[in-house]
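Asker: In terms of the working numbering, the sequence shown opens at residue 942 and continues consecutively.
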Amino acid sequence: MRLSAIVFVFAFFALAHAATAQNFQPFRNTFSYEFLYRRALGFDTTAHVITVDSAAVVNSDSIFYFNKLNTTKDNFWGCSMVKKNSGIFLFLVTRDGYYDTVVVKTQQPLWTKWKFTLNNVVYTATYANYKQETVLTNQTDYVKTIIVEDYNGFKDSIKVSENFGFVYSFPFFDDSFYKHNNFSLNYIFNTHIGDNKLDFFEYFDYDAGDMLIYSPHSPGPPTDRLDYDIYKVLTKTVSADGDTIRYQLSKCHVNAIDNGVYSMTQTHCTLTVTAFSVTGDFPYIGLLSLPTNKNTTMLFAYEAYRGGLYIVPDVVFEGFPSYTFTRGLGLSQYYYNGAPNYDDRFYRNIEYIKQSNTDDDCSSIQTILAVKSSQAISENLMVAPNPFENSISLNTSNLLPGNSHLRIVFSLGVELYTCEAAVSSSNQQLDLSGLSSLSTGVYFLFVENEGRLYSQKIIKK
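(1) Are there 16 or more other CB atoms within 10 angstroms of the CB of Gln1274, so buried, or fewer, so exposed?
(2) Measure the C-alpha to C-alpha separation of Gly1271 and Val999 and round it to an integer number of angstroms.
(3) Are the CB atoms of Thr1047 and Phe1030 nearer to each other than 8 angstroms?
(4) Just to confirm, is the Cβ distance from Leu1376 to Ser1332 under 8 angstroms?
(5) Closer than 6 angstroms by C-beta to Ala1069: which residues in its own chain qualify, once you throw out the five before and the five after it? Chain order, please.
(6) What is the C-beta distance between Ser1365 and Pro1342, in whole angstroms, given that I count them as a contact (C-beta under 8 angstroms)?
(7) Can you look up Ala1311 in the DSSP assignment and give me helix, strand or coil?
(8) Run through DSSP, which three-state label would Ala1245 get?
(9) Do Thr975 and Ala988 have their C-beta atoms closer together than 8 angstroms?
(10) Please list, in chain order, all residues of the same chain as Tyr1172 whose beta carbon is under 6 angstroms from its beta carbon, the five residues on each side excluded.
(11) Thr1206 to Gly1249, Cα distance in whole Å?
(12) Report buried or exposed for Pro1050, applying the criterion of at least 16 other Cβ atoms within 10 angstroms of its Cβ.
(13) Can you tell me which of Glu1361, Phe1266, Thr1215 puts its alpha carbon nearest to the alpha carbon of Val1179?
(14) Would you kindly work out how many angstroms separate the C-alpha atoms of Glu1103 and Tyr1064, rounded to a whole number?
(15) Buried or exposed, going by whether 16 or more other CB atoms sit within 10 Å of the CB of Lys1402?
(16) Rounded to whole angstroms, what is the Cα-Cα separation between Asp1301 and Lys1295?
(17) Starting from Glu919, trace the beta strand (DSSP E) in both directions and tell me its first and last residue.
(18) Which residue from Val1044, Ile1399, Thr1220 puts its Cα closest to that of Ser1098?
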């Protein structure tokens, strides 16, 4: 961990312990929080990001304003939060022109009870527990648990952690098609604490020279590369503190073939990637900028069988878009379901080529395409142990006989280890030793084997 990050996190904790009034504060100004939520129906692991956009002091109260899901809906915790000097927090929720107030008390004695009304239902809240619990996947902190119930049998809780704020709750506001059951805090962007499900470094991890070929046609065997977009990474720049990667790409659009010669038009585009945002003019990435669900009703789901990030609207019916992002590849497919008019639209990756030519010239594309055919492989490598301490072993059952180039990359895209290895059989073990110098954290092992690219997340203890 960088010294600046250590100092910042220490200062964050020191501030939290400095004054009792600061402890058990649900949200902090300018902070961004990632929650995973469960729904009554539909996807089980879906992300919701909330940002405290601004704060103001009115008399003796502090008012925190949340980002909205879109221009018409409140956040799941309402539109704002008022902090009283007494440790009472009021969440203001607007619904059809009416205002509800959810009361959360954090400085009262154990077993204190109070009531609030939400959507014409009276709830009873009870401060029921105060103990150390595991929060944010691997942090231990003191947590106050408030039991919330009504006369119709509803019973859930609100949990407020001393150093991290809201760690669990039912939604105060929810008018989506599929109702949400509960939320749990997963990551705080400003402190880099927790498990970031929106780590876009995992999805956009290119090298200079890499080529991505996209087709606007429906899936099926391609007959030729007519009407394809071919992107080549010209430059990759990592910021000094390692928190931003900038890519410059050329885009060669194949718009005709004349006597076997490609006719192309060329433009350029850029990608700027951080852990929680992707900006630039590469197609269909605009919705990946934090807060990811501001001004949109899209759901961010993480599904193992899709191999990455799947984004769909809250209500899936006729005429809806969907986006699939694959680790290491970026956008793998955009699909618009044009039913009932059969106006389906596609933009899908059909090939990912690893090569080193960075000429900013479309005329070289034809030669490269003729000699390269490195399809991206989504299969995982067989690596053990994982997590590891000093070394790992790689089983070659998925690899082809021949030369392989192995590299270990930090999640920010920085290459920390590289070596060459020869694969002679399918039951061979490749040992990677001397890894004790790597810091504790998450890395990615990439293997380029006979024109194919494999990847696997690995964890250093």
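For every residue, glycine included, the Cβ atom is placed at its ideal position computed from N, Cα and C.
Being a predicted model, the structure only gives us computed values, none of them experimental.
Answerer: According to the structure shown:
(1) Buried is the call here.
(2) Between Gly1271 and Val999, the alpha-carbon positions lie close to 45 angstroms from each other.
(3) It is a contact, given that the beta carbons lie within the stated cut-off.
(4) Yes, the Cβ-Cβ distance between Leu1376 and Ser1332 is below 8 angstroms.
(5) Same-chain partners within the cutoff: Thr1086, Ile1088.
(6) That belief holds up - the Cβ atoms of Ser1365 and Pro1342 are roughly 6 angstroms apart, short of 8 angstroms.
(7) Here Ala1311 scores only 48 on pLDDT, less than 50, and its place in the model should not be relied on; the value that follows carries that caveat. Ala1311 falls in the helix class under three-state DSSP.
(8) Here Ala1245 scores only 48 on pLDDT, less than 50, and its place in the model is too uncertain to base an answer on.
(9) According to the sequence shown, residue 975 is Glu rather than Thr. Yes, they are a contact pair.
(10) Close CB contacts of Tyr1172 within its chain, under the 6 angstroms cut and outside five residues either way in sequence, are with Leu1153, Leu1190, Lys1192 (chain order).
(11) Distance between the alpha carbons of Thr1206 and Gly1249: 32 angstroms.
(12) Flag for Pro1050 reads exposed.
(13) It is Thr1215 whose Cα lies nearest to the Cα of Val1179.
(14) Take the alpha-carbon of Glu1103 and the one of Tyr1064: they are about 24 angstroms apart.
(15) Exposure of Lys1402 is indicated by the presence of fewer than 16 other C-beta atoms within 10 angstroms of its C-beta.
(16) It is roughly 16 angstroms from the alpha-carbon of Asp1301 to the alpha-carbon of Lys1295.
(17) Because the chain is modelled from 942 through 1402, residue 919 falls outside the range shown and cannot be assessed.
(18) Closest option to Ser1098, Cα to Cα, is Val1044.
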